[in-house]
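A short worksheet on the structure shown next.
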Amino acid sequence: MESYLSSCSVTIIRTLLFLTCSLSTLSAQFADVKVSLDVQRLKERDRRITAELPDQIKLFFKSAPWDQEYSDLTIPLAIQLIFESVSDKGGEHLYSSQCLFSNGSDQRYFAKVIQFPYASGQAVIFSPVLFEPLASALEYYGNIILAAEADTYDQFGGTRFYERGRELALRGITSQYRRGWGDRVELVDILTRNKGTRLARFFFFDALAYLDEDDLEEAEASLDKMMENLELIFAKFPREHYTIIFLKGHAEKLSQLPDQLRNKKKLLTRLIELDPDNKARYREGLGIKSE
240 MESYLSSCSV TIIRTLLFLT CSLSTLSAQF ADVKVSLDVQ RLKERDRRIT
290 AELPDQIKLF FKSAPWDQEY SDLTIPLAIQ LIFESVSDKG GEHLYSSQCL
340 FSNGSDQRYF AKVIQFPYAS GQAVIFSPVL FEPLASALEY YGNIILAAEA
390 DTYDQFGGTR FYERGRELAL RGITSQYRRG WGDRVELVDI LTRNKGTRLA
440 RFFFFDALAY LDEDDLEEAE ASLDKMMENL ELIFAKFPRE HYTIIFLKGH
490 AEKLSQLPDQ LRNKKKLLTR LIELDPDNKA RYREGLGIKS E
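The opening residue of the sequence shown carries number 240 in my numbering; numbering runs sequentially from there.
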């Protein structure tokens with residue numbers, strides 16, 4: 240009985256923390272959240288247990304108080320959990336899954352393993368202080384995606400989100416659910432030291448903003464800076480994974496830049512060399528028929 244009451248008290252405290260934090264923000268950073276489960280390797284009992292998990296994850300992303308400054312971003316988010324195994328450990332039903340996070344455009348992150356206990360009907364609750372295996376993993380990837388979004392508004396504007404992700408990953412490494420968290424520390428390191436891609440992202444969106452204002456001269460200058468930073472990153476790391484994902488997400492928009500831009504031909508010609516995966520789109524932008 241005492242153990243049960245203690246468990247209830249912890250749940251109540253966590254829920255109150257979550258609701259208190261949620262009320263501090265009026266808009267969600269993540270709007271259209273889609274969650275799918277691959278349960279082929281699960282037994283029927285575990286399929287029933289995890290059936291409500293997509294709704295819990297959606298609620299987590301839409302309700303968590305991510306950041307006041309960027310409270311109106313409405314980022315689309317697609318999450319796929321691929322369950323690998325289930326085990327009983329210390330009275331907990333422990334799930335191991337792979338997971339894919341994507342904003343449907345220029346960000347995609349694959350988690351080789353997320354290990355977490357879960358029970359039927361269990362809420363996935365945001366906590367600014369407590370480490371929870373699943374909630375903390377979701378918060379980690381939420382911050383990683385927010386970081387890249389913030390980088391489009393200010394040069395290195397996403398740094399604080401990356402550092403929050405790093406803090407969560409370091410907590411994970413020291414927890415009893417440490418599997419996969421070392422990879423997440425490494426991911427933060429890769430993304431934060433990849434300054435060329437972060438600046439290329441900023442200058443690309445800077446150029447789009449100038450185009451919206453019909454300021455072709457400033458748009459050209461920003462696109463030149465974007466290319467300078469892409470050249471820097473590809474000189475060090477040809478075919479850098481996350482840079483390629485960024486370019487793939489915006490190849491069509493780059494190919495459709497206004498013909499009035501004096502540097503459009505030079506830019507697309509060079510992108511054909513740097514990003515051959517999207518060669519056909521860049522050639523279209525140059526008015527060249529597909530081979």
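Cβ coordinates follow ideal geometry from the N, Cα and C atoms, glycine included.
No experiment lies behind these values; they were computed from the predicted model shown.
Output yes or no for whether 9 Å exceeds the beta carbon distance between residue i and residue j.
i: Arg403; j: Gly411; result: no
i: Ala490; j: Leu510; result: yes
i: Tyr348; j: Tyr309; result: no
i: Ser336; j: Ser326; result: no
i: Val363; j: Phe442; result: no
i: Ile383; j: Leu316; result: no
i: Phe322; j: Lys301; result: no
i: Ala387; j: Leu430; result: yes
i: Leu471; j: Ala446; result: no
i: Ile318; j: Ser375; result: no
i: Thr313; j: Asp277; result: no
i: Gly396; j: Ile353; result: no
i: Ser344; j: Gly488; result: yes
i: Thr398; j: Thr436; result: no
i: Pro304; j: Phe365; result: yes
Taking the beta carbon of residue i as the centre, do at least 16 other beta carbons fall within 10 Å, making it buried, or is it exposed?
i: Ser230; result: Nothing about residue 230 can be reported from this structure: the residues present for the chain run from 240 to 530 only.
i: Gly526; result: exposed
i: Val427; result: buried
i: Ala439; result: buried
i: Gly421; result: exposed
i: Pro372; result: buried
i: Glu452; result: exposed
i: Thr413; result: exposed
i: Glu459; result: buried
i: Gln295; result: buried
i: Asp516; result: exposed
i: Thr508; result: exposed
On the three-state DSSP scale, how would you describe residue i?
i: Leu276; result: strand
i: Ile288; result: helix
i: Ser266; result: Residue placement at Ser266 is flagged as unreliable, the pLDDT there being 48, under the threshold of 50; the coordinate-derived value follows with that caveat. Coil at Ser266, not helix or strand.
i: Pro477; result: coil
i: Gln354; result: strand
i: Asp271; result: strand
i: Glu323; result: strand
Any idea which residues DSSP pairs residue i with across the strands?
i: Ser341; result: Ala317, Arg347
i: Leu471; result: The partner list for Leu471 (beta bridge, DSSP) is empty, contrary to what the question assumes.
i: Lys328; result: Glu331
i: Ser366; result: Note: Ser366 sits in no beta bridge, so no partner.
i: Ser336; result: Phe322, Ile353
When the cut-off is 9 Å and only beta carbons count, does residue i lie next to chain D?
i: Glu452; result: Included in the structure is just one protein chain, with no chain D present.
Could you tell me which whole beta strand (DSSP E) segments of length 3 or greater appear in the segment 387-469?
none
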